[in-house]
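Engineer: My questions all concern the structure below.
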Amino acid sequence: MGMKAGEIVFLQERLDKIEELLLIEGKVLVRDLSEQFKVSESMIRKDLQMLEKQGRLKRTYGGAISIRPLVHDQGVNTRMHHDLDKKELIAKRAIPFINEGEVIFLDISSTNFALAKQLSKLNKRLTIVTNMIEIPPLFSANIFVEVIMVGGQYNATLGGMIGALANEQIAMCKFDKSFIGVGGINVDENFISNFNAEESITKKTIIKSSKEVFVLIENEKFNRDGSYQFATLQDITHLMTDAKLEGRIKEKLEQTGLNISCE
34 MGMKAGEIVF LQERLDKIEE LLLIEGKVLV RDLSEQFKVS ESMIRKDLQM LEKQGRLKRT
94 YGGAISIRPL VHDQGVNTRM HHDLDKKELI AKRAIPFINE GEVIFLDISS TNFALAKQLS
154 KLNKRLTIVT NMIEIPPLFS ANIFVEVIMV GGQYNATLGG MIGALANEQI AMCKFDKSFI
214 GVGGINVDEN FISNFNAEES ITKKTIIKSS KEVFVLIENE KFNRDGSYQF ATLQDITHLM
274 TDAKLEGRIK EKLEQTGLNI SCE
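Below is the structure:
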């Protein structure tokens with residue numbers, strides 16, 4: 034006897050929620066899920082078995098673990114010095130897309146810091162809006178660039194301003210181009226993610242205020258997931274990375290019509 038429509042919907046909601054918990058926690062326990070969804074432990078085991086067959090988790094004794102690597106949220110100083118050569122290469126690829134007289138947004142991103150360093154050495158008239166506190170001092174000796182710092186709630190780990198006040202200021206502006214750092218891109222499920230909930234909302238606001246959106250991403254972050262989805266591939270116009278893309282990933286990205294810059 035098959036399941037009724039309502040039962041199918043509830044099952045799918047339960048499976049989706051289990052996946053969401055795995056993204057955030059990295060693991061789940063049968064007894065906890067049984068209590069949360071108010072169903073038997075044997076039913077939860079069947080759910081986990083179904084998800085494992087679909088390649089979405091790995092079952093363990095008493096629960097399951099995520100099979101996707103999570104993108105961990107590191108401090109700003111750590112991020113700025115990690116894989117510096119890759120970030121500089123991505124930044125170099127972005128420079129030709131930035132034109133005289135444009136208003137651009139650089140969000141909190143170690144790759145955007147590398148991009149700002151390169152822009153600070155050019156005699157190009159620009160207005161740069163940013164919520165990353167490390168960026169404005171780079172332009173102290175550059176008379177060609179006007180820098181506007183977004184206010185808001187300061188997050189010391191991220192090294193910048195996020196939250197409702199920052200989002201309100203960003204929403205009042207219109208940018209020719211924005212340059213966004215990300216935690217990961219999942220091309221199979223078509224989402225872009227990050228590891229901080231409030232910052233993800235800020236990134237959404239930046240995207241809505243921009244004519245063109247450039248995602249700057251190291252190659253290793255493809256098919257990695259952060260905890261918070263903030264965009265799809267259709268929400269962005271350009272993607273820049275440091276290395277040659279794997280064939281399957283490149284094919285999926287090209288299907289979206291993205292402008293891709295890579296090796």
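With the working numbering applied, the sequence shown corresponds to residues 34 to 296, in that order. Built from N, CA and C at the ideal position, the CB exists for glycine as well.
1) Identify the continuous beta strand (DSSP E) that holds Ser243 and give its terminal residues.
2) Ends of the beta strand (DSSP E) at Phe212?
3) Classify Ile213: buried if its beta carbon has 16 or more other beta carbons within 10 angstroms, exposed otherwise.
4) For Phe255, list the residues DSSP reports as bridge partners.
5) Hey, is the stretch 121-138 in contact with the stretch 159-169, meaning 3+ C-beta pairs nearer than 8 Å?
6) Do you know whose CA, among Ile168, Glu121, Leu122 and Pro129, lies nearest Ile141's CA?
7) Per DSSP, which one or two residues make a beta bridge with Thr163?
8) Would you mind reading off the limits of the beta strand (DSSP E) that contains Val61?
9) Does the pairing of the stretch 212-229 with the stretch 263-271 give three or more beta-carbon distances under 8 Å?
10) Given 8 Å as the limit, tell me if Arg78 has its C-beta closer than that to any heavy atom belonging to the ligand MN.
11) How about Thr235 and Ile203: are their beta carbons less than 9 Å apart?
12) Can you have a look at Met16 and say buried or exposed, based on whether 16 or more other CB atoms are within 10 angstroms of its CB?
13) For a quick check, are the C-beta atoms of Leu62 and Gly95 less than 9 Å apart?
14) Taking 9 Å as the cut-off, decide whether the C-beta atoms of Leu148 and Ala127 are in contact.
15) Considering just the uninterrupted stretch of the beta strand (DSSP E) at Ala124, what are its terminal residues?
16) List the whole-angstrom C-beta distance separating Asp258 from Gly217, where the pair is believed to meet the contact cut-off of C-beta under 8 Å.
17) Tell me the rounded alpha-carbon separation between Glu284 and Ser73.
18) Would you mind stating whether Leu90 and Ile77 have Cβ atoms separated by less than 9 Å?
19) Need the endpoints of the alpha helix (DSSP H) that Ala197 sits in, please.
20) With distances taken from CA atoms, which of Gln69, Lys150, Val180 and Glu201 is nearest Leu117?
21) Given a cut-off of 9 Å on the beta-carbon distance, is the pair Asn145 and Leu249 in contact?
22) Just to confirm, are Ser226 and Gln262 a CB contact at a threshold of 9 Å?
23) Taking C-beta to C-beta, are Ile51 and Leu84 nearer than 9 Å?
24) Please check the pair Lys313 and Ile98, which I expect to be a contact at CB under 8 Å, by giving their CB distance rounded to whole angstroms.
Structural biologist: Looking at the coordinates:
1) Stepping through the sequence shown from its first residue, residue 243 is reached at position 210. Here the beta strand (DSSP E) through Ser243 covers Ser243 to Leu249.
2) Residue 212 sits at position 179 when you count from the first residue of the sequence shown. Here the beta strand (DSSP E) through Phe212 covers Phe208 to Gly214.
3) Taking the first residue of the sequence shown as position 1, residue 213 is located at position 180. The residue in question, Ile213, is buried, as its Cβ has 16 or more Cβ neighbours within 10 Å.
4) Position 222 of the sequence shown, counted from the first residue, corresponds to residue 255. Paired residue(s): Ile218.
5) yes
6) Translated into positions along the sequence shown, residue 141 becomes position 108. Considering only alpha carbons, the answer is Ile168.
7) On the sequence shown, position 130 is the one that residue 163 refers to. DSSP, once it has assigned bridges, lists Leu139 and Met182 as partnering Thr163.
8) Here residue 61 refers to the residue found at position 28 of the sequence shown. Taken as a continuous stretch (DSSP letters only), the beta strand (DSSP E) holding Val61 covers Lys60 to Leu62.
9) yes
10) For the structure depicted, the ligand MN is absent and the ligand set is empty, with no information on it obtainable.
11) For the purposes of this step, residue 235 is taken as residue 202 along the sequence shown, with counting starting at 1. For the purposes of this step, residue 203 is taken as residue 170 along the sequence shown, with counting starting at 1. In contact: Thr235 and Ile203 (Cβ atoms closer than 9 Å).
12) Since the first residue of the chain shown is 34 and the last is 296, residue 16 is not available in this structure.
13) Taking the first residue of the sequence shown as 1, we reach residue 62 at position 29. Taking the first residue of the sequence shown as 1, we reach residue 95 at position 62. Cβ distance < 9 Å, so Leu62 and Gly95 count as in contact.
14) What you label residue 148 is simply residue 115 of the sequence shown in a count that begins at 1. What you label residue 127 is simply residue 94 of the sequence shown in a count that begins at 1. Yes; because the gap between Cβ atoms is below 9 Å, this pair is in contact.
15) Looking up residue 124 in the sequence shown gives position 91. That residue, Ala124, is in no beta strand (DSSP E); its alpha helix (DSSP H) goes Leu117 to Ala127.
16) Within the sequence shown, numbered from 1, the residue matching residue 258 stands at position 225. Within the sequence shown, numbered from 1, the residue matching residue 217 stands at position 184. Correct: roughly 5 Å between the Cβ atoms.
17) Numbered from 1 along the sequence shown, position 251 holds the residue referred to as residue 284. Numbered from 1 along the sequence shown, position 40 holds the residue referred to as residue 73. Their backbone Cα atoms lie some 42 Å apart in a straight line.
18) As a first step, residue 90 is located in the sequence shown; it is residue number 57 there, counting from the start. As a first step, residue 77 is located in the sequence shown; it is residue number 44 there, counting from the start. Not closer than 9 Å, so no.
19) Here residue 197 refers to the residue found at position 164 of the sequence shown. Element bounds for Ala197: Ala197 to Ala204.
20) On the sequence shown, residue 117 is found 84 positions in, with the first residue counted as 1. In terms of CA proximity to Leu117, Lys150 leads the group Gln69, Lys150, Val180 and Glu201.
21) Residue mapping note: residue 145 aligns to position 112 of the sequence shown, counting from 1. Residue mapping note: residue 249 aligns to position 216 of the sequence shown, counting from 1. In this structure, Leu249 lies closer than 9 Å to Asn145 by Cβ.
22) Locating residue 226 in the sequence shown gives position 193, counting from the first residue. Locating residue 262 in the sequence shown gives position 229, counting from the first residue. Going by C-beta atoms, Ser226 is nearer than 9 Å to Gln262.
23) Here residue 51 is taken as the residue at index 18 of the sequence shown, counted from 1. Here residue 84 is taken as the residue at index 51 of the sequence shown, counted from 1. Yes; because the gap between Cβ atoms is below 9 Å, this pair is in contact.
24) What the structure shows of the chain is the stretch from 34 to 296, and residue 313 is not part of that stretch, so it cannot be assessed.
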